[in-house]
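*Asks:* Sequential numbering from 239 applies to the sequence shown in the numbering used here.
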Amino acid sequence: MTILKAGVAGAGVFGGYHANKYKEAEAAGKVQFIGIYDLDQARAEAAAEKFGVKAFYSEQLPEFLAAIDVITIAVPAFAHAQVALKALEAGVHTYVEKPLAITEPDGDAMVALAAEKGVVLACGHQERAVFEAMGLYDVPERPLRLEAVRNGTVSTRNLDVSVVLDLMIHDLDLGLTLAAGEAGGIDVSAKFRTDEGYQAVGADEASAEVKFDDGFVATFAASRMAEARERTMRIVYPSGELFIDLLNRKFENNTPFALNPDFAEADIARDPLGTSVFRFLDKVAGLRERPLATGNEALKALTLALAIDEAIAEG
Numbered sequence: 239m240t241i242l243k244a245g246v247a248g249a250g251v252f253g254g255y256h257a258n259k260y261k262e263a264e265a266a267g268k269v270q271f272i273g274i275y276d277l278d279q280a281r282a283e284a285a286a287e288k289f290g291v292k293a294f295y296s297e298q299l300p301e302f303l304a305a306i307d308v309i310t311i312a313v314p315a316f317a318h319a320q321v322a323l324k325a326l327e328a329g330v331h332t333y334v335e336k337p338l339a340i341t342e343p344d345g346d347a348m349v350a351l352a353a354e355k356g357v358v359l360a361c362g363h364q365e366r367a368v369f370e371a372m373g374l375y376d377v378p379e380r381p382l383r384l385e386a387v388r389n390g391t392v393s394t395r396n397l398d399v400s401v402v403l404d405l406m407i408h409d410l411d412l413g414l415t416l417a418a419g420e421a422g423g424i425d426v427s428a429k430f431r432t433d434e435g436y437q438a439v440g441a442d443e444a445s446a447e448v449k450f451d452d453g454f455v456a457t458f459a460a461s462r463m464a465e466a467r468e469r470t471m472r473i474v475y476p477s478g479e480l481f482i483d484l485l486n487r488k489f490e491n492n493t494p495f496a497l498n499p500d501f502a503e504a505d506i507a508r509d510p511l512g513t514s515v516f517r518f519l520d521k522v523a524g525l526r527e528r529p530l531a532t533g534n535e536a537l538k539a540l541t542l543a544l545a546i547d548e549a550i551a552e553g
């Protein structure tokens, strides 16, 4: 089996998470972890030293891309497309942290270029692994309603995008995996932090009701200014309801479906990021038909998120 040469773009917190996964993949004989790229030389060198790989920085992106077969892009969201398009153009299989991009044209361009070059484009919608471990994708009914809440406390991270693109997009993607129809009408509300000196892009708290053309209704609420963390989901089926506590990894199920109450102990749910990265690598190696979330699927979640942001901006 060919050993893939791997690299991570972005030497921040998420870049570190992905570097850990590539070290695990290296230990499993799946990749040779080549290096870490960051615009900032000091950050790149510090991260590279930590993981025992080569540092690439500033204008060395072409050199970095020439040295690898697969890349994880964990730079700030506003730069996802800029780096991804260069990687795809170079023929590098590309895994992008969510969101796929911050504009629909950029997302379209990424998906189109991946197809043109015949390379894999995957995105970090890793919580799909939790739904899979529960057995939700084997349920024979389509849900009637979904209610998702994803609240985080005040943070200085990911302020280059709205709370919709930062947090809500996780649940938008999960909702889309359960929906049979196309998203239609959207009703929204939002709040913005007004603290002196605080700077962020877009809403800091948002809610959206999305009506699908087959009658499915999904409501999403997300905050990065809550007093306490909460990640819950209620799914209503014709034959019963399911309440999921994603933080505490448990659920209440009064449907007739034999869902897995021990889903949190399943390998794929215990480490969703690892599942997502390893499935990407297996797809590149020809061992799987698809990654956990494809570029096309991530584009659908991005499109819905941007429609919600647009509705908020329009008031």
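For each residue, glycine too, the CB sits at the ideal point set by N, CA and C.
Assuming A315 contacts I272 (C-beta within less than 8 Å), just tell me the rounded distance between them.
*Replies:* Between I272 and A315 the Cβ distance is about 24 Å, and since that is not below 8 Å, they are no contact.
*Asks:* If you count every other CB in all the chains shown that lies within 10 Å of the CB of Q437, and 16 or more means buried, which is it?
*Replies:* exposed
*Asks:* Starting from the C-beta of V392, find all residues in its chain whose C-beta is less than 6 Å away, skip the five residues before and the five after it, and write them out in chain order.
*Replies:* M463
*Asks:* Can you give me the start and stop residues for the alpha helix (DSSP H) that T415 sits inside?
*Replies:* Where T415 is concerned, the enclosing alpha helix (DSSP H) stretches over I407 to L416.
*Asks:* Whole angstroms is fine: what's the gap from A539's alpha carbon to V308's?
*Replies:* 23 Å
*Asks:* Report, in whole angstroms, the separation of the C-beta atoms of A265 and I274, which I expect to be a contact under 8 Å.
*Replies:* Their Cβ separation, rounded to whole angstroms, is 17 Å, which puts A265 and I274 out of contact at 8 Å.
*Asks:* Starting from the C-beta of E468, find all residues in its chain whose C-beta is less than 8 Å away, skip the five residues before and the five after it, and write them out in chain order.
*Replies:* These residues qualify, in order along the chain: V387, R388, N389 and L485.
*Asks:* Among V426, A496, T432 and F430, which residue has its Cα nearest to the Cα of A459?
*Replies:* When each option's Cα is compared against that of A459, the closest is V426.
*Asks:* What is the DSSP secondary structure of S400, reduced to helix, strand or coil?
*Replies:* coil
*Asks:* Between the Cα of G453 and the Cα atoms of L382, N491 and E443, which residue gives the shortest distance?
*Replies:* It is L382.
*Asks:* Buried or exposed for K488, going by 16 or more other Cβ atoms inside 10 Å?
*Replies:* exposed
*Asks:* By DSSP's criteria, T513 is part of a beta bridge. Which residues make up the other side?
*Replies:* Answer is none; T513 lacks a bridge partner.
*Asks:* Below 8 Å on the Cβ atoms is my guess for V522 versus L242; work out the distance and round it to an integer in Å.
*Replies:* 6 Å
*Asks:* Mark E297 as exposed unless 16 or more other C-beta atoms lie within 10 angstroms of its C-beta, in which case mark it buried.
*Replies:* exposed
*Asks:* On the three-state DSSP scale, how would you describe L530?
*Replies:* Of the three classes helix, strand and coil, the one that applies to L530 here is coil, per DSSP.
*Asks:* Considering only residues of the region 432 to 465, which uninterrupted beta strand (DSSP E) runs meet the minimum length of 3 residues and lie entirely inside it, listed in chain order?
*Replies:* 443 to 450 and 455 to 461
*Asks:* Mind pulling the alpha helix (DSSP H) runs of 4 or more residues that sit fully within the region 273 to 298?
*Replies:* 279 to 289
*Asks:* From the DSSP output, which residues share a beta bridge with N498?
*Replies:* Partner(s): none; N498 has no beta bridge.
*Asks:* State the DSSP-derived secondary structure class of G345, mapped to helix, strand or coil.
*Replies:* helix
*Asks:* In or out: L537 buried (at least 16 other Cβ within 10 Å) or exposed?
*Replies:* If you draw a 10 Å sphere on the C-beta of L537, you find 16 or more other C-beta atoms in it, and that means buried.
*Asks:* How many Å lie between G435 and V401 at the Cα?
*Replies:* Separation of G435 and V401 (C-alpha to C-alpha, rounded to the nearest whole angstrom) is 18 Å.
*Asks:* Closest to G362 by CA distance: which of L511, E420 and A347 is it?
*Replies:* L511
*Asks:* Pick from P499, P476, E385 and F481: whose alpha carbon is nearest that of A446?
*Replies:* E385
*Asks:* Just checking my contact of G377 with F495 at CB under 8 Å: how many whole Å lie between their CB atoms?
*Replies:* Correcting the residue type first, residue 377 is Val in the shown sequence and not Gly. Contact flag correct, Cβ pair sits at about 5 Å.
*Asks:* In the DSSP output, which residue or residues are listed as bridge partners for F271?
*Replies:* A244
*Asks:* Given this structure, state the Cα-to-Cα distance separating G560 from V455, to the nearest angstrom.
*Replies:* One cannot answer for residue 560 here, as it falls past the ends of the chain, which runs 239 to 553.
*Asks:* Between the C-alpha atoms of E612 and I311, what's the straight-line distance to the nearest angstrom?
*Replies:* Residue 612 lies beyond the residue range present for the chain, which begins at 239 and ends at 553; the question has no answer from this structure.
*Asks:* Using DSSP's beta-bridge definition, name the partner residues of S477.
*Replies:* For S477, which the question treats as bridged, DSSP gives no partner whatsoever.
*Asks:* Here's a check: name, in chain order, each residue in its chain whose Cβ is nearer than 6 Å to the Cβ of T457, leaving out the five neighbours to either side.
*Replies:* E385 and E447
*Asks:* Hey, could you find the ends of the beta strand (DSSP E) I306 is sitting in?
*Replies:* Careful: I306 lies outside any beta strand (DSSP E) and carries neither H nor E.
*Asks:* Return the chain-ordered ranges of every alpha helix (DSSP H) run that is complete within the region 321 to 367 and spans a minimum of 4 residues.
*Replies:* 342 to 355
*Asks:* Do you know how far the Cα of A371 is from the Cα of F302?
*Replies:* The C-alpha of F302 lies about 36 Å from the C-alpha of A371.
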